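First up is the structure itself, then whatever we jot down about it.
Number of protein chains: 2
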Amino acid sequence: MPRIAVDAMGGDLAPEEIVKGVSQVSLETDIQMVLIGHADKIQSLLDGGSYNPELISVRHCTSAIGMAEDPKEALRTKKDASIAVAARMVASGEADAMVSAGNTGACVLAAAKHFKLIPGVRKAALASVFPRQTEYEGQDRLGLLLDVGATVRCDAIELAQFAIMGNAYARRVSKVRSPRVGLLNMGAEETKGGDVLVQAHRMIREIPDLHFVGNVEGNDIATGRADVIVTEGLLGNVVLKLLEGIAEVAANVASHAAHESWRWRLGMAMLSSGIAKVQSLADFRTYGGAPVLGFEHLCIKAHGRSTAPAIRNAIKVAAKAVRDQIAPEIAEAIAHVR
Amino acid sequence: MPRIAVDAMGGDLAPEEIVKGVSQVSLETDIQMVLIGHADKIQSLLDGGSYNPELISVRHCTSAIGMAEDPKEALRTKKDASIAVAARMVASGEADAMVSAGNTGACVLAAAKHFKLIPGVRKAALASVFPRQTEYEGQDRLGLLLDVGATVRCDAIELAQFAIMGNAYARRVSKVRSPRVGLLNMGAEETKGGDVLVQAHRMIREIPDLHFVGNVEGNDIATGRADVIVTEGLLGNVVLKLLEGIAEVAANVASHAAHESWRWRLGMAMLSSGIAKVQSLADFRTYGGAPVLGFEHLCIKAHGRSTAPAIRNAIKVAAKAVRDQIAPEIAEAIAHVR
């Protein structure tokens with residue numbers, strides 16, 4: 000029975016939506032959860048809805064790290080912050096994995112501070128799912144991009160290790176048995192992108208049981224040519240935020256257009272079912288979240304604007320990853336790339 | 000009177016659309032143009048339409064570099080390729096700038112081989128315009144992103160020099176007198192992104208007469224927070240191709256949707272004027288092209304799928320840059336950043 004530590008105080012909609020998500024999971028699964036945060040507040044929110052008390056416990060703590068706080072400084076001064084308490088609970092074995100919708104940097108740093116890296120792993124990676132077109136029947140409608148900001152710059156070995164970590168995670172979490180792994184680059188040819196990428200290409204190609212599709216370019220991100228896209232944190236972060244930014248601009252343009260003329264308003268109404276579909280696809284709030292990979296324990300960073308369904312997804316994904324024992328598989332594959 | 004060397008054989012729609020674009024410019028301006036390519040073919044295309052023979056001459060050459068050819072190898076073996084002839088004409092003073100819709104790598108390499116770097120400039124940059132939302136009245140609807148692939152990785156000085164080059168070009172080509180220049184990074188704080196970006200931030204901030212808005216993140220690319228976005232080639236190339244890829248996916252989804260149901264078809268019809276507007280905004284074929292910056296002479300790389308209007312824009316932009324003498328301004332500003 001996996002036990003998940005849930006940061007009740009992290010995120011724009013905490014603690015209300017976090018508690019709601021946890022309550023829902025308690026009625027649908029056998030996942031054990033600990034809500035970490037202000038106990039009275041959490042208990043009154045729990046009591047305001049329905050939940051299974053056998054699966055939920057509460058760990059009181061008095062402080063939380065804000066979304067805009069400097070992660071390093073905040074973790075240093077707020078030892079009792081919900082996110083730090085969650086990480087310590089996982090590290091000490093009181094829980095198996097953690098979920099937080101709070102400050103991303105604090106999530107990654109709390110994991111780095113309290114969790115051990117998987118033997119052989121050199122750097123942790125923050126991975127994020129993103130919406131894209133699909134290319135084949137049965138392909139997941141979401142791709143996985145890593146790293147998106149845990150490690151700014153990477154050498155070839157680190158990139159090859161990210162390929163292994165992303166592959167292991169995607170195999171468990173998506174329905175795709177053999178995800179297509181690509182290396183983000185500025186050209187399809189293996190000679191492109193400078194020394195680090197040329198060497199990373201060669202190393203990833205040699206990894207056993209990994210379906211490497213070679214270099215992928217910027218346009219391939221949107222088309223679904225790869226299910227797992229490997230890159231350094233700087234590049235991954237820019238790509239992820241650009242995808243989010245375009246989705247927001249498109250939504251703005253559409254809502255602005257609807258105010259402009261009756262023709263447009265009517266047209267948008269005719270298209271409403273399709274627009275809703277596209278919006279849900281591009282809505283980062285509905286996804287499970289971004290796993291911090293490379294540590295012996297899993298930390299899932301849910302989107303800052305997570306609502307209850309997103310928290311619910313994140314907890315279920317974390318529990319699945321615990322059940323499927325992703326860390327040992329990564330440790331074994333990593334032995335090929337050091 | 001600027002004289003522009005135009006590669007008649009480069010691009011998916013060459014030589015037909017190239018010759019058509021040149022013919023149009025000859026009827027509208029006083030720009031002198033040399034069409035470089037197969038003389039008989041070009042002359043018969045010219046004669047098929049109307050043009051001003053006083054402004055157009057033809058330089059015969061027998062070979063051309065294909066879009067998929069390896070640029071280095073092709074330039075080495077095809078000394079007589081249209082793009083190489085164009086670059087040599089500019090270098091020898093027979094023309095003032097060149098325009099090609101051909102192989103991008105060959106364009107950059109031909110410039111690198113035959114043109115001198117502006118004194119003080121360390122690396123050339125390929126810049127590209129891209130569509131985005133605007134933030135203020137009078138802002139150009141296109142932003143400028145550089146480098147998009149001429150230089151894979153950059154140090155801080157090179158990035159600061161790109162800021163100067165992009166600023167000088169944008170001031171001349173767009174209507175914005177003082178473009179907002181941003182440094183692409185993974186966070187707004189000046190401490191983000193690793194040593195190179197932290198140092199580049201500090202250097203760009205010190206450049207006189209340059210409106211630096213600080214770090215811009217991925218989502219800012221779509222919103223118009225900066226008019227000129229500075230980054231290394233690897234990152235810029237991925238961003239540019241991602242923008243192109245998303246535009247294509249959106250077009251595919253829309254046309255697919257229209258086939259699905261009469262409701263959608265009708266909805267699309269109601270929205271057609273708006274969709275056309277968005278499409279024209281996202282249509283990379285209608286833009287003037289991507290300047291190769293940093294050399295004493297300008298080379299403008301038009302999109303590979305350029306039609307006559309795109310070639311026309313590219314030639315006019317090249318002529319304007321020649322008239323406005325962009326290279327001396329860059330040389331002067333560069334003196335601050337070495």
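Line by line, the protein sequences are chains A and B. Position 186 of the first sequence, counted from 1, bears residue number 185 in numbering that gives the first Met the number 0, the numbering being contiguous throughout. Position 49 of the second sequence, counted from 1, bears residue number 48 in numbering that gives the first Met the number 0, the numbering being contiguous throughout. Glycine is no exception: its CB is placed at the ideal position from the N, C-alpha and C atoms. The structure presented is a predicted model; accordingly, all values stated were derived computationally and were not measured.
(message) Using only the alpha-carbon positions, how far apart do Leu196 of chain A and Asp146 of chain B sit?
(response) As a first step, residue 196 of chain A is located in the first sequence; it is residue number 197 there, counting from the start. As a first step, residue 146 of chain B is located in the second sequence; it is residue number 147 there, counting from the start. For Leu196 of chain A and Asp146 of chain B, the distance between alpha carbons rounds to 18 Å.
(message) Please report the straight-line C-alpha distance between Lys71 of chain B and Leu297 of chain A, rounded to a whole angstrom.
(response) For the purposes of this step, residue 71 of chain B is taken as the residue at position 72 of the second sequence. For the purposes of this step, residue 297 of chain A is taken as the residue at position 298 of the first sequence. Computed Cα separation, rounded: 47 Å.
(message) Strictly by DSSP, which residues pair up with Met97 of chain B?
(response) Reading the second sequence from its first residue, position 98 is the one you call residue 97 of chain B. Note: Met97 of chain B sits in a beta bridge opposite B:Ala4, B:Cys298.
(request) Leaving out five residues on either side along the sequence, give the residues of the same chain with a beta carbon under 7 Å from the beta carbon of Met155 of chain B. (result) By one-based count along the second sequence, residue 155 of chain B stands at place 156. The sequence given here has Ala at residue 155 of chain B, not Met. Excluding positions up to five away in sequence, the list reads Val195, Gln198, Ala199, Met202.
(request) Provide the residue span of the beta strand (DSSP E) that contains Ala340 of chain A, from first to last. (result) Only positions 0 to 337 of chain A appear in the structure, and residue 340 of chain A is not among them; the question remains open.
(message) Mapping the DSSP letters down to three states, classify Ser62 of chain A as helix, strand or coil.
(response) Walking along the first sequence from the start, residue 62 of chain A turns up at place 63. Three-state DSSP puts Ser62 of chain A in a strand.
(message) Below 8 Å on C-beta distance, what does Leu234 of chain A contact in chain B?
(response) Locating residue 234 of chain A in the first sequence gives position 235, where the first residue counts as 1. Listed along chain B are Leu233, Leu234, Val237, each with a C-beta nearer than 8 Å to that of Leu234 of chain A.
(message) Taking CB distances under 9 Å as the criterion, tell me whether Val212 of chain A reaches chain B.
(response) Position 213 of the first sequence, counted from the first residue, corresponds to residue 212 of chain A. So no, Val212 of chain A is outside the interface.
(request) Give every residue of the same chain whose Cβ lies closer than 8 Å to the Cβ of Gly232 of chain A, excluding the five residues on either side of it in the sequence, and list them in chain order. (result) If you number the first sequence from 1, residue 232 of chain A lands on position 233. Same-chain partners within the cutoff: Ala124, Leu125, Asp146, Val147, Gly148, Ala149, Thr150, Val151, Arg152, Cys153.
(request) Give a yes or no on whether the minimum CB-CB distance between Gln324 of chain A and chain B is below 9 Å. (result) The residue labelled residue 324 of chain A in the question sits at position 325 within the first sequence. In terms of beta-carbon proximity, Gln324 of chain A stays away from the interface with chain B, with every pair separated by 9 Å or more.
(request) Check the Cβ of Ile220 of chain B against every Cβ in chain A and list those closer than 7 Å, keeping chain order. (result) Counted from its first residue, the second sequence places residue 220 of chain B at position 221. One finds Leu241, Gly244 in chain A with Cβ atoms closer than 7 Å to the Cβ of Ile220 of chain B, taken in chain order.
(request) Have a look at A:Ala332, A:Lys78, A:Leu74, A:Val57 and flag the residue whose alpha-carbon is nearest the alpha-carbon of Ser43 of chain A. (result) For the purposes of this step, residue 43 of chain A is taken as the residue at position 44 of the first sequence. Nearest option by C-alpha distance: A:Val57.
(message) Suppose the cutoff is 7 Å on Cβ atoms and the five residues either side in sequence are ignored; what does the same chain contact list for Phe211 of chain A look like?
(response) Residue mapping note: residue 211 of chain A aligns to position 212 of the first sequence, counting from 1. Closer than 7 Å at the Cβ level, and outside the excluded window around Phe211 of chain A, lie Val180, Ile203, Arg204.
(message) Please state the DSSP three-state secondary structure of Leu54 of chain B.
(response) Numbered from 1 along the second sequence, position 55 holds the residue referred to as residue 54 of chain B. Leu54 of chain B falls in the coil class under three-state DSSP.
(message) Here's the rule: buried if 16 or more other CB atoms are within 10 angstroms of the residue's CB, otherwise exposed. What is Pro52 of chain A?
(response) As a first step, residue 52 of chain A must be located in the first sequence, where it is residue number 53. Pro52 of chain A comes out exposed.
(message) According to DSSP, Arg179 of chain A sits in a beta bridge with which residue or residues?
(response) As a first step, residue 179 of chain A is located in the first sequence; it is residue number 180 there, counting from the start. According to DSSP, which records beta bridges pairwise, Arg179 of chain A is partnered with A:His210.
(message) List, in chain order, every chain A residue whose beta-carbon is nearer than 9 Å to that of Glu216 of chain B.
(response) Residue numbering aside, residue 216 of chain B sits at position 217 when the second sequence is read from its first letter. Around Glu216 of chain B, the beta-carbon contacts reaching into chain A at under 9 Å are Asn236, Val237, Lys240, Leu241, Gly244.
(request) Within the same chain, show all residues whose beta-carbon is closer than 7 Å to that of Lys115 of chain A, passing over the 5 residues directly before and after it, in chain order. (result) Mapped onto the first sequence, residue 115 of chain A falls at position 116. Here the set comprises Phe294, Glu295.
(message) I want to verify the contact list: residues of chain B whose CB lies under 8 Å from the CB of Leu183 of chain A, in sequence order.
(response) Sequence index remark: in the first sequence, residue 183 of chain A carries index 184 (1-based). The answer, in chain order, is Val237.
(message) Residues of chain A with CB closer than 7 Å to the CB of Arg152 of chain B, please, in chain order.
(response) On the second sequence, residue 152 of chain B is found 153 positions in, with the first residue counted as 1. Within chain A, the residues near Arg152 of chain B are Gly193.
(request) Determine the contact status of Ala4 of chain A and Ala94 of chain A, defining contact as a CB-CB distance below 9 Å. (result) As a position in the first sequence, residue 4 of chain A is number 5, starting the count at 1. As a position in the first sequence, residue 94 of chain A is number 95, starting the count at 1. Judged by beta-carbon spacing, Ala94 of chain A lies within the 9 Å limit of Ala4 of chain A, meaning their Cβ atoms are closer than that value.
(request) Select from A:Ile220, A:Met32, A:Ser62, A:His37 the residue whose C-alpha is nearest the C-alpha of Leu54 of chain A. (result) Along the first sequence, one-based indexing puts residue 54 of chain A at 55. When A:Ile220, A:Met32, A:Ser62, A:His37 are compared, the shortest CA-CA separation from Leu54 of chain A is found for A:Met32.
(message) Tell me which residues of the segment 126-143 of chain B have at least one Cβ-Cβ distance to chain A shorter than 9 Å, keeping chain order.
(response) Of all residues in the segment 126-143 of chain B, only Arg131, Gln132 come within less than 9 Å of chain A when Cβ atoms are compared, listed by chain position.
(request) Could you check the C-alpha separation between Thr61 of chain B and Glu216 of chain A for me, to the nearest Å? (result) As a first step, residue 61 of chain B must be located in the second sequence, where it is residue number 62. As a first step, residue 216 of chain A must be located in the first sequence, where it is residue number 217. Cα to Cα, the separation comes out at about 33 Å.
(request) List the DSSP bridge partners of Met32 of chain A. (result) In the first sequence, the residue the question calls residue 32 of chain A occupies position 33. The beta-bridge partner set that DSSP reports for Met32 of chain A consists of A:Ile3, A:Ile55.
(request) Kindly indicate which three-state DSSP category Gly232 of chain B falls into: helix, strand or coil? (result) Here the question's residue 232 of chain B lines up with position 233 in the second sequence. In this structure, Gly232 of chain B counts as helix in the three-state DSSP scheme.
(message) Going by DSSP, what residue range makes up the beta strand (DSSP E) through Leu44 of chain A?
(response) Counting from one through the first sequence, the residue named residue 44 of chain A turns up at place 45. Careful: Leu44 of chain A lies outside any beta strand (DSSP E), inside the alpha helix (DSSP H) at 38-46.
(message) Am I right that Ala307 of chain A and Glu27 of chain A are in contact with their C-beta atoms under 8 Å? What's the rounded C-beta distance?
(response) Against the first sequence, residue 307 of chain A aligns to sequence position 308. Against the first sequence, residue 27 of chain A aligns to sequence position 28. Their Cβ separation, rounded to whole angstroms, is 12 Å, which puts Ala307 of chain A and Glu27 of chain A out of contact at 8 Å.
(request) With a 10 Å radius around its C-beta and 16 neighbouring C-beta atoms as the bar for buried, classify Ala187 of chain B as buried or exposed. (result) Mapped onto the second sequence, residue 187 of chain B falls at position 188. Ala187 of chain B counts as exposed, since fewer than 16 other C-beta atoms from the protein chains shown sit within 10 angstroms of its C-beta.
(request) Inspect the beta-carbon positions of Ala105 of chain A and Gly10 of chain A and report whether they are closer than 9 Å. (result) Residue mapping note: residue 105 of chain A aligns to position 106 of the first sequence, counting from 1. Residue mapping note: residue 10 of chain A aligns to position 11 of the first sequence, counting from 1. Not a contact, by the Cβ cut-off of 9 Å.
(message) Against chain A, with Cβ distances strictly below 9 Å, would Val84 of chain B count as a contact?
(response) Locating residue 84 of chain B in the second sequence gives position 85, where the first residue counts as 1. Val84 of chain B does not count as touching chain A.
(message) Please report the distance separating the alpha-carbon of Val237 of chain A from that of Ala169 of chain A.
(response) Counting from one through the first sequence, the residue named residue 237 of chain A turns up at place 238. Counting from one through the first sequence, the residue named residue 169 of chain A turns up at place 170. Going from the Cα of Val237 of chain A to the Cα of Ala169 of chain A covers about 21 Å.
(message) By the three-class DSSP mapping on this structure, what secondary structure does Val120 of chain B have?
(response) Here residue 120 of chain B refers to the residue found at position 121 when the second sequence is read from its first residue. Shown here, Val120 of chain B sits in coil according to DSSP, grouped into three states, outside any helix or strand.
(request) Indicate whether at least one CB of chain B lies closer than 9 Å to the CB of Gly148 of chain A. (result) By one-based count along the first sequence, residue 148 of chain A stands at place 149. Chain B, which has a Cβ nearer than 9 Å to the Cβ of Gly148 of chain A, makes this yes.
(request) Please state whether DSSP places Ala326 of chain B in a helix, a strand or coil. (result) Translated into positions along the second sequence, residue 326 of chain B becomes position 327. Helix.
(message) Do Pro130 of chain B and Leu241 of chain B count as a contact pair if the criterion is CB distance below 9 Å?
(response) Your numbering for residue 241 of chain B matches position 242 in the second sequence. Your numbering for residue 130 of chain B matches position 131 in the second sequence. Taking 9 Å as the Cβ cut-off, Leu241 of chain B and Pro130 of chain B do not qualify as a contacting pair.
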